[in-house]
Amino acid sequence: MSDWMGILWLVILLLANAFFVGAEFAIMSARRSQIEPLAEAGSARARTTLYAMEHVSLMLACAQLGITVASLLILNVAEPSIHHLLEVPLHALGVPEAATGTASFIIALLLVTFLHVTFGEMVPKNISVSVADKAALFLAPPLVWISKVVRPVIVSLNWLANHIVRLFKIEPKDEVTSSFTLEEVQSIVAESTKHGLVDDETGLLSGALEFSDRTAAQVMVPLETLHTLSTRATPLDVEAAVRQTGFSRFVLQDDEGKLTSYVHIKDVLTVPEDEYEMPLAESRVRTLINLAEAEEVEDALRIMQRTGSHLARVIGPSGVTSGVLYLEDVIEELVGEIRDSERRDIR
Numbered sequence: 121m122s123d124w125m126g127i128l129w130l131v132i133l134l135l136a137n138a139f140f141v142g143a144e145f146a147i148m149s150a151r152r153s154q155i156e157p158l159a160e161a162g163s164a165r166a167r168t169t170l171y172a173m174e175h176v177s178l179m180l181a182c183a184q185l186g187i188t189v190a191s192l193l194i195l196n197v198a199e200p201s202i203h204h205l206l207e208v209p210l211h212a213l214g215v216p217e218a219a220t221g222t223a224s225f226i227i228a229l230l231l232v233t234f235l236h237v238t239f240g241e242m243v244p245k246n247i248s249v250s251v252a253d254k255a256a257l258f259l260a261p262p263l264v265w266i267s268k269v270v271r272p273v274i275v276s277l278n279w280l281a282n283h284i285v286r287l288f289k290i291e292p293k294d295e296v297t298s299s300f301t302l303e304e305v306q307s308i309v310a311e312s313t314k315h316g317l318v319d320d321e322t323g324l325l326s327g328a329l330e331f332s333d334r335t336a337a338q339v340m341v342p343l344e345t346l347h348t349l350s351t352r353a354t355p356l357d358v359e360a361a362v363r364q365t366g367f368s369r370f371v372l373q374d375d376e377g378k379l380t381s382y383v384h385i386k387d388v389l390t391v392p393e394d395e396y397e398m399p400l401a402e403s404r405v406r407t408l409i410n411l412a413e414a415e416e417v418e419d420a421l422r423i424m425q426r427t428g429s430h431l432a433r434v435i436g437p438s439g440v441t442s443g444v445l446y447l448e449d450v451i452e453e454l455v456g457e458i459r460d461s462e463r464r465d466i467r
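First residue of the sequence shown? That's 121 in the working numbering, and the numbers climb one at a time after it.
So this is what it looks like as structure tokens:
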């Protein structure tokens, strides 16, 4: 093979190496959520790309095989050709015969290494990471086709690699992970908000993501700051408390200091005038449900919705009531401050 043919093969092998590197990073970096709509719209290329993402272990094995073969061929085919081509100008420059072979070899090796690392590795990698979805749609289909041609070799190598991985107590995956943990989503929202890509001025997104981290003990109103009425309270007492505080609901407390139930202002609006100075009838008060201090806020919300109770008694580990959880406080954890007649800062 002539030296110039070796240069031509260098170009071809660099392109082949770049293809496999680009395909490898594109499949790993592409977002499934961007590919699936195209596949559902009828794109055959998108469907093939999804297949590659669902068989990532085989695709990476194919890419690695291609990179290895291309790299070895570059070294064995291109380096000698460049080596020989450099000997003539080195002789013309007056380099001694004894040093010509060594000098041309070193220069050829450095040049091939530079071309291989830059154009065969770094450039395709950076392009695939920067435009992962487009790169995956462009590069995954031919990679799938190649993988089918060399499937017996890939399957054998992949089987061996998976068994070696399992020796390290690691379970290999055959599909690109496209889901995120709560912490990862929080980080994504924070970074997107920081760079102006997401508008979360109201805190709705961040509040929703942090919702699960809160417990009833963290959101409840402690007993010492709770405004209560006696179980012997009359409708007149309730109306007076409403005028004084601006609240619409009040927890009822017996003589022993136990929280028994609660009353809403609308529960006394229909009381006959002749009963206004009489203690509230049992039918006019509402039941307090019990929640543990460690109950997650989302679970507390679910229980309160199911029972129809807007207030809950929060019980500590020792069985003692430590506070009261208000439904609007739970909702505020999700959507932000609710400005109404029951604001927590004056409860």
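For each residue, glycine too, the CB sits at the ideal point set by N, CA and C. Keep in mind it's a predicted model, so treat the numbers as computed, not measured.
In three-state terms, what does DSSP make of residue i?
| i | result |
| --- | --- |
| TYR446 | strand |
| TYR171 | helix |
| ILE435 | strand |
| VAL383 | strand |
| ILE127 | helix |
| LEU346 | coil |
| PHE288 | coil |
| ARG464 | Confidence in ARG464 is poor, its pLDDT being 42 and thus under 50, which makes the residue's placement too unreliable to answer from. |
| LEU302 | At LEU302, the pLDDT of 49 sits below 50, so the modelled position is not reliable and the matter cannot be decided from this model. |
| ARG352 | coil |
| VAL371 | strand |
| THR390 | coil |
| ARG406 | strand |
| SER163 | coil |
| VAL341 | strand |
| LEU400 | coil |
| LEU213 | coil |
| GLY377 | coil |
| ARG151 | coil |
| SER429 | coil |
| VAL264 | helix |
| GLU452 | helix |
| GLY366 | coil |
| SER122 | coil |
Measuring from the CB of residue i, is there a heavy atom of the ligand PLP at a distance below 7 Å?
| i | result |
| --- | --- |
| THR188 | As for the ligand PLP, it is missing from this structure, which has no ligand bound. |
Only counting the same chain, and skipping five residues up and downstream in sequence, which positions put a Cβ closer than 7 Å to that of residue i?
| i | result |
| --- | --- |
| LEU180 | GLU144 |
| HIS347 | THR365, PHE367, PHE370 and ARG467 |
| GLY126 | VAL197, ALA198, PRO200 and SER201 |
| ASP374 | THR351 and THR380 |
| LEU205 | ASP123 |
| ILE227 | LEU206 |
| VAL249 | PHE145 and SER149 |
| ILE385 | VAL358, VAL362 and SER368 |
Using beta-carbon positions only, say whether residue i and residue j come within less than 8 Å of one another.
| i | j | result |
| --- | --- | --- |
| LEU411 | VAL434 | yes |
| VAL450 | VAL371 | no |
| TRP124 | VAL197 | no |
| VAL383 | VAL358 | yes |
| ALA473 | PRO399 | No answer is possible for residue 473: the residues shown for the chain start at 121 and end at 467. |
| ALA138 | ALA260 | no |
| VAL264 | TYR171 | yes |
| ARG406 | ASP253 | no |
| LEU257 | ARG165 | yes |
| ALA255 | ILE266 | no |
| GLU452 | VAL417 | no |
| ARG167 | ALA159 | yes |
Using a Cβ-Cβ cutoff of less than 8 Å, which residues in the same chain neighbour residue i once the five nearest sequence positions on both sides are dropped?
| i | result |
| --- | --- |
| SER442 | ALA337, MET340, PRO342, LEU343, GLU413, VAL434, ILE435 and GLY436 |
| PRO262 | PHE139 and ALA143 |
Which residues in the same chain have their Cβ closer than 6 Å to the Cβ of residue i, if we skip the five residues on either side of it in sequence?
| i | result |
| --- | --- |
| LEU302 | Only weak support exists for where LEU302 lies, its pLDDT of 49 falling under 50; the coordinates are left without a value. |
| LEU133 | ALA190, LEU193 and ILE194 |
| GLU241 | VAL141 |
| ARG404 | ASP387 |
| PHE234 | none |
| LEU447 | MET424 and HIS430 |
| ILE409 | THR427, SER429 and ALA432 |
Does the CB of residue i have a neighbour CB from chain C at under 8 Å?
| i | result |
| --- | --- |
| PRO272 | Note that chain C does not occur in the displayed structure, where there is just one protein chain. |
With DSSP as the reference, identify every bridge partner of residue i, one or two as the case may be.
| i | result |
| --- | --- |
| GLU416 | THR335 |
| LEU411 | VAL434 |
| THR441 | ILE435 |
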